[in-house]
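Asks:
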Amino acid sequence: MARASPAAAATGRDMAARLAAIGLRSDWDFVLHLPLRYEDETVVVPADALREGIEAQVEATITAANVVFRGRRQLHVTARDDAGGTLVLRFLHFYPSQLKQLAVGKRIRAFGTARGGLAGMEMVHPRVRGIREGEALPSALTPIYPTTAGVPQAWLRRRIDRALQGVDLHDVLMEPLGERWPLLPLRAALERLHHPPPDADATQLAERSDPAWQRLKFDELIAQQIALRFARAARQRRRAPVLRADGLSRKLLATLWRPWRPRGPSNPAGRRR
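Quick note, the sequence shown lines up with residues 0 to 272 if you use numbering that gives the first Met the number 0.
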C-alpha cells in the first residue's frame, strides 16, 4: 500500500486541525454541519436585466481582460452574453492563474452582486467558473457553510456530500411516529437542507421553519429528553447509603453538633476578663 509523502501528510494534518477548530471530525459532524444560507445558481440572468444590489448569475464569453492601475493594480474583465448584454468583472486582488482562467474567448459563469459602474453594470470579485458550451445548470441551491481560513466552500461541499453517502441514516423514529406526525424521513430532511430544490421557500429556510428543519428540531428534542432521563437515572444510582441510627452514630452526631467554645489562651476575651 502506497504511503503519503511527508508534504501530503503535513497538509492533511493542517487541514484536520482547521476542521477540528470548527468542530468537524467525524462523518456525522459533516452531515450535521448545516448551511448558513443559500445562493441560487440554478438560473442565468441576462446582463441587461441585472439590478443594483441584487445577487445574480450571468453566463457570458470574455471579450477583454486587462490589468489597469487606478490607485492600485486591478484586473478588469469584460464579458458579453448571448443576448448582447455586457458586464464588467473587477478584481482588486488576483493571481496570475486567474489571468489564464479569464482569457479572451473563455466561456464563464459569474455569480455576484450587481452594481453600477463607470462602464455600466459590474460585479466586484464575483465567483467565476469556466464552463463548456451548453453545460447544464445546477439542480439545487448552492449551500454556503460556516467555515474558517483554509477550508474552501467547494471542498467543504464535496466532503459533506461524501459524508452523506457514508453515514448510516437508518430512521428509527419514522416507524413508530411517522403515522402520528407528518415528519420527513431523516435522510430526506438532511438532503433537503444540504441541497434545497430551486422552488424551496427561501423565507422558511432562513427562519428554520422548513419541514426539513422541523424534522431536525424534533430529533433534537427527543435526544434532549433521552439525555435528561439518563442523567436522572445516573443520579438515582449514586444515592448515599442510609446510616442506621445506633448508639455509635448518635454519639458521633452529638459530638459534631456540639457548640464550639475556645478555651485557654485561644480566647483573648477570656484573658482580658
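Cβ atoms here follow ideal geometry from the backbone N, Cα and C, with glycine treated the same way.
According to DSSP, is Phe-68 part of a helix, a strand, or is it coil?
Replies: Position 69 of the sequence shown, counting from 1, holds the residue named residue 68. Of the three classes helix, strand and coil, the one that applies to Phe-68 here is strand, per DSSP.
Asks: Tell me which residues share the same chain as Gly-360 and place their Cβ nearer than 6 Å to its Cβ, disregarding the 5 neighbours each side in the sequence.
Replies: No answer is possible for residue 360: the residues shown for the chain start at 0 and end at 272.
Asks: Would you report the Cα separation of Gln-164 and Leu-220, rounded to the nearest angstrom?
Replies: Position 165 of the sequence shown, counted from the start, is the residue given in the question as residue 164. Position 221 of the sequence shown, counted from the start, is the residue given in the question as residue 220. Straight-line Cα distance between these residues: approximately 25 Å.
Asks: When DSSP builds the beta bridges, which residues end up paired with Val-55?
Replies: On the sequence shown, residue 55 is found 56 positions in, with the first residue counted as 1. This sequence places Ala at residue 55; Val is not what is there. Gly-111, per the DSSP bridge assignment.
Asks: Would you call Val-76 buried or exposed, if buried means 16 or more other Cβ atoms sit within 10 Å of its Cβ?
Replies: Taking the first residue of the sequence shown as 1, we reach residue 76 at position 77. Classification of Val-76: buried, given that the 10 Å Cβ count is 16 or more.
Asks: Report buried or exposed for Leu-255, applying the criterion of at least 16 other Cβ atoms within 10 angstroms of its Cβ.
Replies: Counting from one through the sequence shown, the residue named residue 255 turns up at place 256. Exposed: under 16 other Cβ atoms inside 10 Å.
Asks: Checking 8 Å against the spacing of the C-beta atoms, do Glu-121 and Leu-91 come in under that value?
Replies: As a first step, residue 121 must be located in the sequence shown, where it is residue number 122. As a first step, residue 91 must be located in the sequence shown, where it is residue number 92. Contact flag unset, no.
Asks: Under a three-way DSSP split, which group does His-278 fall into?
Replies: Shown here, the chain extends from 0 to 272; a query on residue 278 therefore has no answer.
Asks: In this structure, does DSSP put Ala-239 in helix, strand or coil?
Replies: Along the sequence shown, one-based indexing puts residue 239 at 240. In this structure, Ala-239 counts as coil in the three-state DSSP scheme.
Asks: Check whether the region 191-203 and the region 32-49 are in contact - that is, three or more C-beta pairs closer than 8 Å.
Replies: Contact holds: three or more Cβ-Cβ distances are below 8 Å.
Asks: Just the Cα atoms here: how many angstroms apart are Arg-207 and Asp-200?
Replies: Counting from 1 along the sequence shown, the entry for residue 207 is found at position 208. Counting from 1 along the sequence shown, the entry for residue 200 is found at position 201. Their Cα atoms are separated by approximately 10 Å.
Asks: Please list, in chain order, all residues of the same chain as Gly-149 whose beta carbon is under 8 Å from its beta carbon, the five residues on each side excluded.
Replies: Within the sequence shown, numbered from 1, the residue matching residue 149 stands at position 150. Result list for Gly-149: Asp-13, Met-14 and Arg-17, in chain order.
Asks: Consult DSSP for Leu-255 and reduce its assignment to one of helix, strand or coil.
Replies: Locating residue 255 in the sequence shown gives position 256, counting from the first residue. Helix at Leu-255.
Asks: Let me know the secondary structure DSSP gives Ile-21 once reduced to three states.
Replies: Translated into positions along the sequence shown, residue 21 becomes position 22. Correct three-state label for Ile-21: coil.
Asks: Between which residues of its own chain and Arg-128 is the CB-CB distance below 7 Å, once the five residues before and five after are set aside?
Replies: What you label residue 128 is simply residue 129 of the sequence shown in a count that begins at 1. Contacts found: Ile-107 and Arg-108.
Asks: From the DSSP output, read off the bridge partner residues of Met-14.
Replies: Taking the first residue of the sequence shown as position 1, residue 14 is located at position 15. DSSP lists no partner for Met-14.
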